[in-house]
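Engineer: Numbering (my numbering), first residue to last: 119 to 452.
A virtual CB, placed ideally from N, CA and C, is assigned to each residue, including glycine.
There's a structure below that I have some questions on.
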C-alpha cells in the first residue's frame, strides 16, 4: 500500500518564495526507529533519477533513514530553503558552497556527479577544434558565469589567445531553448548541460570539447565533481548516522544505475527518453559517477577555483581568492 503525504510549506527569503511538497513514499513506514532526512531537488532534474531508484528499492530504510523528497521549481528556491533551515540536503556546486563558507555559513558538500556540459556541434559541421569557434554563433546555457563556459573560455585564451566572447556571437538562454535552436540550425555550436548534450548526441551532434577536457587541461588530475550533496556542518555533527545512512543509500542507488540497464528502462517515463536517447543518457550518467577519493576531488576543485576566480571575478566567487577550507566534507569518525 502506498502512503500519500502532501504538505506545503511556503517560504519567503531574499524576495524568493518556494513551495515544498513532499513526494509520496514508496512504502509504509518501517517498524524500527529511523531518522527523517529532507532533501530538496528540482522537480524535473537529473538528481530525481537516482532518488527515485533509492526510494523504489528502499535503500533509505535499509540504511536507517526515511528520505523525504521535496520538489522545487528552481535552484534559487532550493538554496533559500537550505539557508533558512527548511530542508536538510540540497544539490549544488562547490563554488556556491565555498562562497557561503567564506561568508560565514557552515555549508559543506559530498561529491554527487562529475558529469558536465560540452560544446556540441552537428556531425557534419566544419568545426574541428576550439579555434574554429572564432566568428561563430554560440549558444550558452546557464549564463555568462556558468562554470563550464568559464573553463572553456580560459582554455581558449591560454592555448590559442582566443577571447571567445569578443570574437564570437554569444547567445545565452535556457537549456531547452538552446538545444532547440541548435536542432533548428540557428546556432553553429552550443554549450549546454550534460543531459541536454547527451540528447543532442543521440540526434546528430558530436562533442567538440567538454568542460571536463578543459578542466584537465587547466590542471585537474582527474574528473572533478560538478555537483554535490550540500548540508550544514552543524546538522551533520548532530545527525552523523543519518548523514552516513544517506550517503550509503545514495551510493547503492548509483551502483544499481551503473550496472542495471533494466533500471534505466524502468526510469524511462521519468527521464522522458527512449531508444538511443535513453542509452546515451544512461552512458553519460554512468561516466559521471564519482570514483576517486574525496581528497583528490577537493584538491582539483581548489585548482580550478583559482582559474574560475581569475576569469569570473567577484561576481562569481565574492572576495575569497581561494576555495574555503571545509568546502568538501571531511567524514566524521565513527
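Please confirm whether residue 154 and residue 184 have their CB atoms less than 8 Å apart.
Structural biologist: yes
Engineer: So, do the region 400-407 and the region 312-324 have three or more beta carbon pairs nearer to each other than 8 Å?
Structural biologist: yes
Engineer: Measuring CB atoms only, is the region 275-292 touching the region 321-330, in the sense that at least three cross pairs come out at less than 8 Å?
Structural biologist: no
Engineer: Can you tell me which of the three DSSP states residue 309 falls into?
Structural biologist: strand
Engineer: To the nearest angstrom, how far is it from the Cα of residue 179 to the Cα of residue 342?
Structural biologist: 30 Å
Engineer: Determine, using beta carbons only, whether residue 446 and residue 212 come nearer to each other than 8 Å.
Structural biologist: yes
Engineer: Can you grab the Cα-Cα spacing for the pair residue 181 / residue 369, in whole Å?
Structural biologist: 11 Å
Engineer: Work out the CA separation of residue 174 and residue 148 for me, nearest whole Å.
Structural biologist: The pLDDT assigned to residue 148 is 46, lower than 50, so where the model puts this residue is not dependable; a value taken from the coordinates is nonetheless given after this. Each residue's Cα considered, the two are about 14 Å apart.
Engineer: Tell me which residue opens and which closes the beta strand (DSSP E) that residue 226 is part of.
Structural biologist: 225-231
Engineer: What is the C-beta distance between residue 346 and residue 229, in whole angstroms, given that I count them as a contact (C-beta under 8 Å)?
Structural biologist: 5 Å
Engineer: Relative to the alpha-carbon of residue 416, which residue among 340, 256, 242 has its alpha-carbon at the smallest distance?
Structural biologist: 340
Engineer: In this structure, what does DSSP give as the bridge partners for residue 186?
Structural biologist: 156
Engineer: Confirm, please, whether the CB-CB distance from residue 225 to residue 425 is below 8 Å.
Structural biologist: no
Engineer: From the DSSP output, in three-state form, read off residue 318 for me.
Structural biologist: helix
Engineer: Counting only beta-carbon atoms, is residue 194 nearer than 8 Å to chain C?
Structural biologist: The structure shown contains no chain C, having only a single protein chain.
Engineer: Cβ atoms of residue 431 and residue 268: under 8 Å apart, would you say?
Structural biologist: no
Engineer: Keeping to the same chain, check which residues put their C-beta closer than 7 Å to that of residue 338; ignore five residues upstream and five downstream.
Structural biologist: 418, 421, 422
Engineer: Return the Cβ separation of residue 219 and residue 444 in integer angstroms, given the expectation that the two are a contact with Cβ distance under 8 Å.
Structural biologist: 6 Å
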